[in-house]
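Student:
Numbering (my numbering), first residue to last: 34 to 368.
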């Protein structure tokens, strides 16, 4: 990674040195700990298994290839693990160099999809010409690119009901995030926002309360960081990762997906029941009208996403996380 004419790591260290006196004291700035990116994940097909990355290319709608594909039912409605937990068993493999910033698919480039009891499915990464109208996911509806009959039959056989695989049509469609939280930003088939960040400290804090600890894949983040106190990410409204600015815009409210074992596709009650005791809206924000929501993780947008600068737009494991702005308590966080 580089900034034209300068070494990116030197640039970041200089930035941290300049900012340190301006920031409120914290363990990372006092030299006791340093917050760093420990893992990164993309989920090319929404609600299927993620891919762990050592480096990731940034785009305004999230990491490259993240939630580019969606499985839809016969009515065009997106399927997720909420109603089809066995989607957790579907593995996705991308070409070796697919996550490099400037890599472009060739005619022979494929995404390979696997699941128990199924032959491998190859999906060409060149964009299909056929369109599917009436596709919807949450609040959004529009058209998408249809990946064809072979893919449709594969997912139909595995899920057990008529399905199609569609790809976000970035050439003709946009999906704005909620303008009340991040006006001018867009997502693809993610739940609502381009990035989800969670800390190791938060996961550890939860696991101390559970009889059976859960792995981070239950929560499906894009960015997993280490070196901060539990739930510090709730307070982050602006951070730097490798000189790139991210804004924390809204705490992530959790559905039933974290209760689904991602190795077996079988659901349960935890960790949602335990989270309800200390991460519900009436606990975190007692002065607001409760809506029965449970929060774990921070939704984020990439502020520099429309910058036409020449530097590589990549972050990698080990990059430091510098907190530029933060709230004083979870009660102030957007939900």
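Each residue gets a CB set at the ideal place from its N, CA and C atoms; glycine is no exception.
1) Distance, Cα to Cα, residue 188 vs residue 244?
2) With H, G and I counted as helix, E and B as strand and the rest as coil, what does DSSP make of residue 143?
3) Work out the CA separation of residue 157 and residue 1 for me, nearest whole Å.
4) Over what stretch of residues does the alpha helix (DSSP H) that includes residue 237 continue unbroken?
5) Once the 5 residues before and after residue 309 are set aside, which same chain residues still bring their CB inside 6 Å of it?
6) Which word fits residue 299, buried or exposed, when buried means at least 16 other C-beta atoms lie within 10 angstroms of its C-beta?
7) Would you say residue 315 and residue 283 are within 9 Å of each other, going by their C-beta atoms?
8) Would the region 179-196 count as touching the region 220-232 if we require 3 or more Cβ pairs under 8 Å?
9) Under 6 Å Cβ to Cβ from residue 114, same chain only, skipping five residues before and after it: list those, please.
10) Is the CB-CB distance between residue 258 and residue 69 below 9 Å?
11) Helix, strand or coil, according to DSSP, for residue 331 in the structure here?
12) Tell me whether residue 191 sits in a helix, a strand or coil according to DSSP, three-state version.
13) Express the C-alpha separation of residue 181 and residue 135 in angstroms, rounding to a whole number.
14) Could you name the residues of the same chain whose beta carbon sits closer than 6 Å to that of residue 247, not counting the 5 residues immediately before and after it, in chain order?
15) Can you give me the start and stop residues for the alpha helix (DSSP H) that residue 314 sits inside?
16) Grab me the residues of residue 123's own chain with a C-beta within less than 8 Å of its C-beta, minus the 5 sequence neighbours each way, in chain order.
17) Expressed to the nearest angstrom, what Euclidean distance is found between the alpha-carbon atoms of residue 91 and residue 97?
18) Please report the Cβ distance between residue 227 and residue 334, rounded to the nearest whole angstrom; I am assuming they are in contact, meaning their Cβ atoms lie under 8 Å.
Tutor: In short, the structure shows the following:
1) On the chain shown, position 155 is the one that residue 188 refers to. On the chain shown, position 211 is the one that residue 244 refers to. Their Cα atoms are separated by approximately 35 Å.
2) Start at 1 with the first residue of the chain shown, and residue 143 comes out as number 110. Looking at residue 143 - three-state DSSP - the assignment turns out to be strand.
3) The displayed coordinates of the chain run from 34 to 368. Any statement about residue 1 would go beyond what the structure contains.
4) Translated into the one-based positions of the chain shown, residue 237 becomes position 204. Where residue 237 is concerned, the enclosing alpha helix (DSSP H) stretches over 233-240.
5) Here the question's residue 309 lines up with position 276 in the chain shown. Same-chain partners within the cutoff: 327.
6) On the chain shown, position 266 is the one that residue 299 refers to. The residue in question, residue 299, is exposed, as its Cβ has fewer than 16 Cβ neighbours within 10 Å.
7) By 1-based counting over the chain shown, the position of residue 315 is 282. By 1-based counting over the chain shown, the position of residue 283 is 250. In this structure, residue 283 does not lie closer than 9 Å to residue 315 by Cβ.
8) no
9) Within the chain shown, the letter at position 81 stands for residue 114. So the list reads 80, 120, 121, 290, 293, once near-sequence residues are dropped.
10) Looking up residue 258 in the chain shown gives position 225. Looking up residue 69 in the chain shown gives position 36. Taking 9 Å as the Cβ cut-off, residue 258 and residue 69 qualify as a contacting pair.
11) Looking up residue 331 in the chain shown gives position 298. If DSSP states are grouped into helix, strand and coil, residue 331 belongs with the strands.
12) Residue 191 sits at position 158 when you count from the first residue of the chain shown. DSSP places residue 191 in helix when its eight states are reduced to three.
13) Along the chain shown, read from residue 1 onward, the residue named residue 135 stands at position 102. Along the chain shown, read from residue 1 onward, the residue named residue 181 stands at position 148. Those two C-alpha atoms are separated by around 27 Å.
14) Here residue 247 refers to the residue found at position 214 when the chain shown is read from its first residue. So the list reads 304, once near-sequence residues are dropped.
15) For the purposes of this step, residue 314 is taken as residue 281 along the chain shown, with counting starting at 1. Segment 314-317, the alpha helix (DSSP H) holding residue 314.
16) The sequence position of residue 123 within the chain shown is 90, counting from 1. Answer for residue 123: 78, 81, 82, 146, 147, 148, 191, listed in chain order.
17) Here residue 91 refers to the residue found at position 58 when the chain shown is read from its first residue. Here residue 97 refers to the residue found at position 64 when the chain shown is read from its first residue. Cα-Cα distance, rounded: 6 Å.
18) On the chain shown, position 194 is the one that residue 227 refers to. On the chain shown, position 301 is the one that residue 334 refers to. That pair is a contact at about 6 Å.
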